[in-house]
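Peer 1:
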Amino acid sequence: MANERTLAIIKPDGVEKHRIGRILARIEEEGFSVCAMRMTRLSTREAEGFYAVHREKPFFGSLVKFMTRGPVVLMVLEREGAIAKWREVMGATNPENADEGTLRREHASSLEENTVHGSDAPDTASFEIGWFFRESELLST
Ligand code: ATP
Ligand code: MG
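Numbering (the numbering used here), first residue to last: 1 to 141.
Spelled out as structure tokens, the structure:
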């Protein structure tokens, strides 16, 4: 499998609960390199554009409100098979269905407040990375 990049986010609930350090430790233990990282508070426009694929879903308004209520940590992660591996480490969208040992099982409190985000395919990863980072901000370590 080739080296690949994915976009990860520690969502507002994860930052509020002071889980940044534990999540970053897990990221490094799982063999990812951090290529870029920024803590920021998303604007409504940024969150709506990022989650544009969900615009028609009934939970869209609530999701945007959640994602903008406090700071997030945006990261670009790199490793072999990064997209699938990061989704495996995160666990299922609903923490009640997430496997033991996954980040969402350990830290998430609900289907909406599920602590972490990860891109789901190569095309979405490249859209999502480009949504938040310029090419010159992606550093190889
Ligand atoms: P993410 O894209 O954040 O990594 P995901 O790919 O596992 O999560 P998606 O289906 O893309 O899940 O949903 C995006 C986000 O919207 C979820 O992570 C969750 O925060 C929220 N969400 C999804 N389904 C619901 C729902 N039925 N009710 C409320 N919030 C939801
Ligand atoms: Mg998704």
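In this text, a Cβ means the ideal position worked out from N, Cα and C, and glycines have one as well.
Note that the structure is a prediction, hence the values are computed from the model and not measured.
1. Using the C-alpha atoms, what's the distance from Glu4 back to Leu42?
2. Just curious, the beta strand (DSSP E) that Arg5 is in, first and last residue?
3. In terms of residues, what are the limits of the beta strand (DSSP E) holding Glu80?
4. Taking all protein chains shown into account, decide if Asn94 is buried (16 or more other Cβ within 10 angstroms of its Cβ) or exposed.
5. Taking the straight line between their C-alpha atoms, what separation do you get for Phe132 and Glu100?
6. Can you name, in chain order, every residue of its own chain whose Cβ lies under 7 angstroms from the Cβ of Val205, other than the five neighbours on each side?
7. Give me the residue from His54, Val76, Gly91, Leu111 with the minimum Cα distance to Glu128.
8. Would Asn97 be called buried (16 or more neighbouring beta carbons within 10 Å of its own) or exposed?
9. Looking at Leu147: is its Cβ nearer than 7 angstroms to the Cβ of Cys35?
10. Whole angstroms are fine: how far does the CA of Phe50 sit from the CA of Glu28?
11. Going by the C-beta, is Glu4 closer than 6 angstroms to any heavy atom of ligand 1?
12. Rounding to the nearest angstrom, what Cα-Cα distance links Ser126 and Phe60 in this structure?
13. Return the first residue and the last residue of the beta strand (DSSP E) that Thr141 is part of.
Peer 2: With the structure as the only source:
1. For Leu42 and Glu4, the gap between their C-alpha atoms comes out near 25 angstroms.
2. Annotation: the continuous beta strand (DSSP E) that includes Arg5 extends over 3 to 10.
3. Element bounds for Glu80: 72 to 80.
4. Classification for Asn94: exposed.
5. Whole-angstrom Cα-Cα distance: 31 angstroms.
6. With the chain covering 1 to 141 only, the question about residue 205 has no answer from this structure.
7. Nearest C-alpha to Glu128: Val76.
8. Classification of Asn97: exposed, given that the 10 Å Cβ count is below 16.
9. This structure gives no information on residue 147, because the portion of the chain shown stretches from 1 to 141.
10. Those two C-alpha atoms are separated by around 25 angstroms.
11. No, since every heavy atom of ligand 1 falls outside the 6 angstroms radius drawn around the Cβ of Glu4.
12. One Cα belongs to Ser126, the other to Phe60, and the distance between them is close to 22 angstroms.
13. Neither: Thr141 is in no beta strand (DSSP E) and is coded neither H nor E.
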